[in-house]
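Have a look at the structure below before the remarks.
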Amino acid sequence: ACGFCDIDFAASPKPLESDEPERVADSVLQLGLNHVVITMVARDDLPDGGAAHLAKIMQAIRKTTPHATIELLTFDFGGNWEAVDVVLAEKPMVFNYNIETVRAFTPRVRHKATYERTLELLAHVKKRGKHRFLKSGLMVGFGESKEQVHEALSDLHGIGIDIVTIGQYLQPNHRKLLVKEFVTPEQFEEYAAYGHSIGIPHVYAGPFVRSSYNADLLKNQALGLS
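This is the structure in structure tokens:
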């Protein structure tokens, strides 16, 4: 029900599929993946937000493809830090939760998630230290100012972010928020330069960038392999 994504809302979601961890692991094996990004819809209908299910998926992947590195892109689990800890116990290499937009636009762009809770979640993950890299991302083109993007980058740096992605928002259907601006490549370069200047190790910014786009490349850059 957010303002930017094209995912159906279900008042009564279907139960979790008990064989999904094995099916995901089999897909990873058949595709020969070296880096796996696991994302999810928000399952706030479940007491743990689906955390135990995510843990089982990671366990299954490691049984069939032990060399594959894992990146998680989750929702905020409604601020349930115990659920987050269930996921972190599996030690994903990359933990990603997107801040999505600047502070001022968050109430209009996002549904239940808030700007402050996003920072709290990322700070919690950083404190636990069960991951290798902490990642977040935001979209631009909603009409935000350069100063507002700088503020978001500064806030992410303040909680110790390792990787930030910045990409152009595109309207998924006619009912979603309108694109107010197509940000220039030069402005994306400025955002990346600003992020680096304040100490964010890795900032990947450009019109086609998405949170999982070239995820393996970003992971390798963070590891110093490329």
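Position in the sequence shown counted from 1, then plus 19, gives you the working numbering. No residue lacks a Cβ here, since even glycine has one placed at the ideal position from N, Cα and C.
Same chain, Cβ closer than 6 Å to Ala102, neighbours up to 5 away in sequence not counted: These residues qualify, in order along the chain: Asp67, Gly68, Ala70, Phe96.
Sequence-distant residues of its chain with Cβ nearer than 6 Å to Val43 (five each side left out): Ile76
Residue range of the unbroken alpha helix (DSSP H) whose run includes Ala87: The continuous stretches of alpha helix (DSSP H) do not include Ala87, and DSSP gives it neither H nor E.
Backbone CA spacing between Asp181 and Leu141 [nearest angstrom]: Looking at the backbone, the Cα of Asp181 and that of Leu141 are separated by about 11 Å.
Segments of 3+ residues assigned as beta strand (DSSP E) that fall wholly inside the segment 169-233: 182-187, 221-224
Distance between beta carbons of Pro191 and Asp25, contact taken as under 8 Å: 4 Å
For His176, the nearest candidate out of His193, Glu139, Phe201 (CA to CA): That would be Glu139, whose Cα lies nearest to the Cα of His176.
Coil, strand or helix - Leu157 by DSSP: strand
Where the alpha helix (DSSP H) containing Thr125 begins and where it ends: 125-128
8 Å contact criterion, which Val168 and Gln187 should meet: CB distance rounded: Between Gln187 and Val168 the Cβ distance is about 13 Å, and since that is not below 8 Å, they are no contact.
Three-way DSSP call (helix, strand, coil) for Glu135 in this model: helix
Residues that Val55 bridges to, as DSSP identifies them: Ile89
Status (buried if at least 16 other CB within 10 Å, exposed otherwise) for Phe161: buried
Own chain partners of Ala87 with C-beta closer than 7 Å, once the 5 adjacent residues on each side are dropped: Val47, Leu52, Asn53, His54, Val55, Ile80
First through last residue of the alpha helix (DSSP H) which encompasses Val106: Boundaries of the alpha helix (DSSP H) harbouring Val106: 100-107, taken from the DSSP string.
First and last residue of the uninterrupted alpha helix (DSSP H) at Val121: Counting along the chain, Val121 falls outside any alpha helix (DSSP H), and DSSP gives it neither H nor E.
Residue span of the beta strand (DSSP E) that contains Val113, given as start and end: Unbroken beta strand (DSSP E) run through Val113: 113-115.
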